[in-house]
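Here the structure is laid out as structure tokens; the discussion comes afterwards.
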Amino acid sequence: MTEETISRGLEDVNIKWTKLTTIDGDKGILMYAGYSIEDVINSGAMAEEIQYLFLYGKLPNKKELEEYRKKVEEGYNVPDFVLDLIMKLPPESDAVAMQMVAFAALAAKEKDFKWDKNTDRDVAAKSIGMMNTITANVFRHIMGKGPKKVEKSESYAKSFLRTVFDREPSREEIDAMNTALILYTDHEVPASTTAGLVAVSTLSDIYSGVTSALAALKGPLHGGAAEAAIMQFAEIGDEKKVDEWFENLLKQNKRLMGFGHRVYKTYDPRAKIFKKYAEKLIKNSKEAEKMYKIATRLEELGIKQYGSKGIYPNTDYYSGIVYMALGFPLKNNMYTGLFALSRITGWEAHFIEYVEEQHRLIRPRAVYKGPERREFVPLEKR
Ligand code: ACO
């Protein structure tokens with residue numbers, strides 16, 4: 000084996016087949032099980048319908064949706080010890096790391112978990128419900144509030160907003176949250192999904208798979224960009240300072256966060272939808288409006304500089320402005336926590352597809368570059 004055989008970053012390596020998501024990176028097309036992301040959003044579908052599509056491979060009828068939602072709502076009742084653990088962490092902790100603590104705790108409790116075609120989807124639906132209460136409580140803790148379990152309402156999005164903010168969200172807010180949940184549901188096998196697949200390929204449990212995926216999502220080159228992108232708008236602080244800031248970025252040879260993608264070589268279709276929602280919602284928040292003005296000018300400069308290299312805004316570029324306009328504080332990686340709240344569905348759907356139908360332990364090789372065999376000298380003679 001030589002170094003030339005290494006596929007750096009596993010680029011262009013196919014790790015599994017999937018019936019879930021397909022991406023045409025050159026044309027900027029994203030489809031969920033054959034439905035274009037634009038059609039899904041324009042249809043006004045609920046996030047729960049899309050969760051069902053990912054777990055069961057078809058859109059639910061009314062009765063199936065109702066039954067599915069009951070399973071999710073069962074998950075809202077997260078065991079008390081998990082919420083206690085979240086509340087014991089320092090409130091300045093990273094939101095995604097707190098989600099990891101919660102899922103690691105569930106893995107500790109569910110030590111007898113076994114993958115089983117008859118129960119995998121029920122467990123997944125329940126854990127998608129648990130993620131709602133877990134994320135809401137991570138946020139409540141960061142915002143200085145006590146624990147509170149999510150209660151059922153007319154939608155997953157509404158129940159979440161209600162629990163985080165202790166008030167009835169508006170129709171417009173529910174719609175934006177629901178859209179964000181759908182847009183981040185799945186994106187084939189990025190670093191987080193792959194990390195989770197590695198874990199479950201050992202037949203480790205579903206909660207450990209989610210914990211591994213969260214660990215990989217957290218970094219600034221992946222889900223962490225959701226927060227890093229808006230952080231840079233906040234750092235610029237004023238629309239008039241964008242050009243100078245960008246010149247400095249180029250001089251320092253740094254990356255523009257929320258730009259570029261391993262697969263998309265054109266405008267990410269999700270970014271277009273997030274941009275539309277950001278534009279619609281900024282009337283509710285002066286701060287978000289300021290960020291939006293900075294972002295649009297920076298986008299112009301970014302596309303001019305990088306467009307010819309196929310580097311365009313990705314899904315994380317405008318999502319933060321939507322979250323800010325919805326009232327989520329820009330701190331502790333909370334925006335990446337919102338990404339995880341949606342992506343758990345894609346992660347678990349891929350785990351199920353892999354373990355049930357194409358399972359094999361993931362165990363790549365490394366090309367050895369160290370010294371040849373040599374004599375081991377005992378400590379006292381060194
Ligand atoms: N800003 C400036 N230059 C960039 C950017 C960027 N955002 N992204 C890529 N490039 C440049 C690199 O500097 C490199 O240039 P070079 O060939 O002159 O050295 C070239 O493009 C290729 O970069 P790679 O890192 O090899 O490309 P990769 O396919 O790994 O990039 C990645 C994907 C990591 C997402 C990258 O675009 C990036 O770092 N973006 C910023 C972080 C970000 O927004 N991440 C979110 C991704 S979407 C998601 O996870 C939901």
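Heads up, the sequence shown is in numbering that gives the first Met the number 0, so the first residue is 0 and it goes up one at a time.
Just so it is clear, CB atoms sit at the ideal spot from N, CA and C, and this is done for glycine as well.
Limits of the unbroken beta strand (DSSP E) element including residue i
i, result
"Thr21", "20 to 23"
Pairwise C-alpha distance: residue j and residue i
i, j, result
"Gln98", "Val376", "46 Å"
"Lys57", "His260", "29 Å"
"Tyr276", "Glu2", "46 Å"
"Ile85", "Val209", "17 Å"
"Thr335", "Gly222", "6 Å"
"Ile40", "Trp346", "21 Å"
"Ile181", "Glu48", "9 Å"
"Ile235", "Glu298", "13 Å"
"Met256", "Asp315", "8 Å"
"Phe338", "Arg373", "49 Å"
"Glu150", "Glu171", "20 Å"
"Tyr31", "Ser6", "28 Å"
"Asn13", "Thr20", "14 Å"
"Val137", "His358", "33 Å"
"Thr17", "Phe258", "26 Å"
"Ala415", "Arg342", "Coverage of the chain is limited to positions 0 through 381, which leaves residue 415 absent and any answer about it impossible."
"Gly11", "Val188", "Before going on, a small fix: residue 11 reads as Asp here, not Gly. Their backbone Cα atoms lie some 11 Å apart in a straight line."
"Arg420", "Ile229", "For the chain, the structure presents residues 0 to 381; residue 420 sits outside this window and is missing."
"Asp83", "Arg364", "41 Å"
"Tyr367", "Lys116", "40 Å"
"Pro146", "Glu243", "44 Å"
"Leu54", "Ile302", "37 Å"
"Tyr416", "Glu356", "Only positions 0 to 381 of the chain appear in the structure, and residue 416 is not among them; the question remains open."
"Asp111", "Phe80", "18 Å"
"Lys70", "Ser203", "23 Å"
"Arg254", "Ala287", "23 Å"
"Glu109", "Lys62", "30 Å"
First and last residue of the uninterrupted alpha helix (DSSP H) at residue i
i, result
"Leu300", "285 to 305"
"Ile272", "268 to 280"
"Met101", "The sequence shown places Ala at residue 101, not Met. Segment 94 to 108, the alpha helix (DSSP H) holding Ala101."
"Ile235", "224 to 235"
"Lys87", "79 to 87"
"Tyr155", "155 to 164"
"Val137", "119 to 141"
"Val209", "205 to 216"
"Val199", "190 to 199"
"Arg170", "170 to 182"
"Trp16", "Here Trp16 belongs to no alpha helix (DSSP H), and DSSP marks it neither H nor E."
"Phe245", "241 to 250"
Residues near residue i in its chain [Cβ-Cβ closer than 6 Å; skip 5 each side]
i, result
"Val262", "Ile22, Gly24"
"Val197", "Ile361"
"Ser152", "Ser158"
"Ser291", "One detail in the question is off: residue 291 reads as Tyr in this sequence, not Ser. Taken in chain order, the residues that qualify are Ala277, Ile281, Ile320."
"Asn332", "Asp93, Ala94, Val95, Glu226"
"Gly309", "Lys264"
"Pro268", "Gly27, Leu29, Ile36"
"Phe232", "Met290, Ile293, Ala294"
"Lys433", "There is simply no residue 433 to check, as the chain begins at 0 and stops at 381 in what is shown."
"Met0", "Val366"
"Ser154", "Met45"
Spatial neighbours of residue i in its chain, beta-carbon cut-off 7 Å, leaving aside the 5 residues before and after
i, result
"Pro90", "His140, Ile141, Gly143"
"Tyr67", "Glu47, Tyr51, Pro59, Ala124"
"Phe350", "Gly195, Leu196, Val199, Ile205, Gly208"
"Leu160", "Pro168, Glu172, Ile173, Met176"
"Ala156", "Ala46, Ile173, Met176, Asn177, Leu180"
"Val122", "Ile205"
"Ala270", "Pro312, Asn313, Thr314, Tyr316, Tyr317"
"Lys274", "Tyr317"
"Ala385", "Summary: the structure shown does not reach residue 385, with the chain confined to residues 0 through 381, and so no result is reported for it."
"Glu73", "Lys125, Gly128"
"Thr162", "Ala135, Lys147, Val149"
Contact with chain C by residue i, beta-carbon distance below 8 Å
i, result
"Arg372", "Looking for chain C here will not work: only one protein chain is present."
8 Å CB neighbourhood of residue i in its chain, flanking five on each side removed
i, result
"Gly218", "Ala190"
"Tyr266", "Gly27, Tyr311, Pro312"
"Tyr75", "Gly128, Met129, Asn131, Thr132, Lys148, Val149, Glu150, Lys151, Ser158"
"Leu300", "Val241, Asp242, Phe245"
| alpha helix (DSSP H) runs wholly inside the region 27 to 69, at least 4 long, in chain order | With a minimum length of 4 residues, the continuous alpha helix (DSSP H) runs that stay inside the region 27 to 69 are 36 to 41, 46 to 55.
| task | Jot down the residue ranges of each uninterrupted alpha helix (DSSP H) in the region 314 to 340, minimum 4 residues, whole runs only, in chain order. | result | Here the runs fully enclosed are 315 to 324.
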